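Trainee: Here it is, the structure in full.
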Amino acid sequence: DAGITQSPRHKVTETGTPVTLRCHQTENHRYMYWYRQDPGHGLRLIHYSYGVKDTDKGEVSDGYSVSRSKTEDFLLTLESATSSQTSVYFCAISESSGGAYNEQFFGPGTRLTVL
Amino acid sequence: KQEVTQIPAALSVPEGENLVLNCSFTDSAIYNLQWFRQDPGKGLTSLLLIQSSQREQTSGRLNASLDKSSGRSTLYIAASQPGDSATYLCAVGSSNTGKLIFGQGTTLQVKP
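Just so you know, the sequences run in chain order H and Z. Per the numbering used here, the first sequence starts with residue 1, numbered consecutively. Per the numbering used here, the second sequence starts with residue 1001, numbered consecutively.
In structure tokens form, the structure reads like this:
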């Protein structure tokens, strides 16, 4: 299995509080991604990173920010959590953006509940 | 906008049966297509990756095919086993940034 860990694995928080989720990889892959998975919507991309300090928005980026100060860590922040952000969050990595190395590997997920 | 559809949403088969899972996409300009498996409450496990220039990939009892012109991929599972019970997701890489667009998945139950 690819070396990807996510922390915390479970979190319950209250509306309006800030939340930061961490993704850590030991594969030295360049690309990192944050997805959320919801019933009826499947997996949707929130933000992704194509290098240290290089990030871009995905399909559902509103209300989320990201940072990547080191190759191995990609942080997802909910500045002020809302109930609509209750979801399972997955981090993924890939070695390259295209060609034969674009296989994405996923972390175990973080289950976030916003009350 | 790329859309990915997987039909059926759920499938139940007896053990030992060969089966096919379907994935269709609306825009044929793809970089690759990836099949994943997800067990309940778990993350995604990559099964097969097909590059846009390839027609199929095989791993053990799994075979995935890709027909870009018709916007279709199939995942063939031979001699199904109860341990194959899971949700199978296909995802299309539609840009050179590696972003994946996912289907909703097919939940497979293999009965002993």
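Even for Gly, the Cβ is constructed at its ideal location relative to N, Cα and C. If you're wondering where the values come from, they're calculated on a predicted model, not measured in any experiment.
#1: Could you work out which residues of chain Z lie near H:E14, taking near to mean beta carbons separated by less than 8 Å?
#2: Does the separation of the CB atoms of Z:Y1031 and Z:S1094 fall below 9 Å?
#3: Run the CB neighbour count on Z:V1092, radius 10 Å, all protein chains shown included, and call it buried at 16 or more, exposed below.
#4: Given a limit of 9 Å on CB to CB distance, which residues of the segment 42 to 62 of chain H reach chain Z?
#5: At 7 Å on the CB atoms, spell out the chain Z contacts of H:E103, in chain order.
#6: Considering only their Cβ atoms, is the gap separating Z:Q1057 from Z:L1048 smaller than 9 Å?
#7: Under the assumption that H:G109 contacts Z:G1043 (Cβ atoms under 8 Å), give the Cβ distance between them as a whole number of angstroms.
#8: Are the C-beta atoms of Z:L1062 and some chain H residue less than 9 Å apart?
#9: Just mark H:A100 as buried or exposed, buried being the case when its beta carbon has 16 or more other beta carbons within 10 Å.
#10: With a threshold of 16 other CB atoms inside 10 Å of the CB of Z:Q1081, please say whether the residue is buried or exposed.
#11: Taking DSSP's pairing of strands, which residues face Z:T1026 in a bridge?
#12: Please classify H:R9 as buried or exposed, where buried requires at least 16 neighbouring CB atoms within 10 angstroms.
Mentor: Quick answer:
#1: Taking the first residue of the first sequence as position 1, residue 14 of chain H is located at position 14. Simply none; closest approach about 24 Å.
#2: Counting from one through the second sequence, the residue named residue 1031 of chain Z turns up at place 31. Counting from one through the second sequence, the residue named residue 1094 of chain Z turns up at place 94. Cβ atoms of Z:Y1031 and Z:S1094: closer than 9 Å.
#3: Locating residue 1092 of chain Z in the second sequence gives position 92, where the first residue counts as 1. Buried, because 16 or more other Cβ atoms sit within 10 Å of the Cβ of Z:V1092.
#4: G42, L43, R44, L45, Y48, Y50, D56, G58 and E59
#5: Looking up residue 103 of chain H in the first sequence gives position 103. Under the 7 Å cutoff, chain Z gives Q1034, S1046 and L1049.
#6: For the purposes of this step, residue 1048 of chain Z is taken as the residue at position 48 of the second sequence. For the purposes of this step, residue 1057 of chain Z is taken as the residue at position 57 of the second sequence. Contact: yes.
#7: For this step, residue 109 of chain H is matched to residue 109 along the first sequence. For this step, residue 1043 of chain Z is matched to residue 43 along the second sequence. At roughly 5 Å, the Cβ-Cβ gap stays under 8 Å, so H:G109 and Z:G1043 are in contact.
#8: Against the second sequence, residue 1062 of chain Z aligns to sequence position 62. Proximity of Z:L1062 to chain H, defined by a Cβ-Cβ separation below 9 Å, is not satisfied.
#9: Position 100 of the first sequence holds residue 100 of chain H. Confidence at H:A100 is low in this model, with a pLDDT of 48, below 50, so its placement is unreliable and no value can be given for it.
#10: Within the second sequence, numbered from 1, the residue matching residue 1081 of chain Z stands at position 81. Label assigned to Z:Q1081: exposed.
#11: The residue given as residue 1026 of chain Z occupies position 26 in the second sequence. Bridge partners of Z:T1026: none, in fact.
#12: As a position in the first sequence, residue 9 of chain H is number 9, starting the count at 1. So H:R9 counts as exposed.
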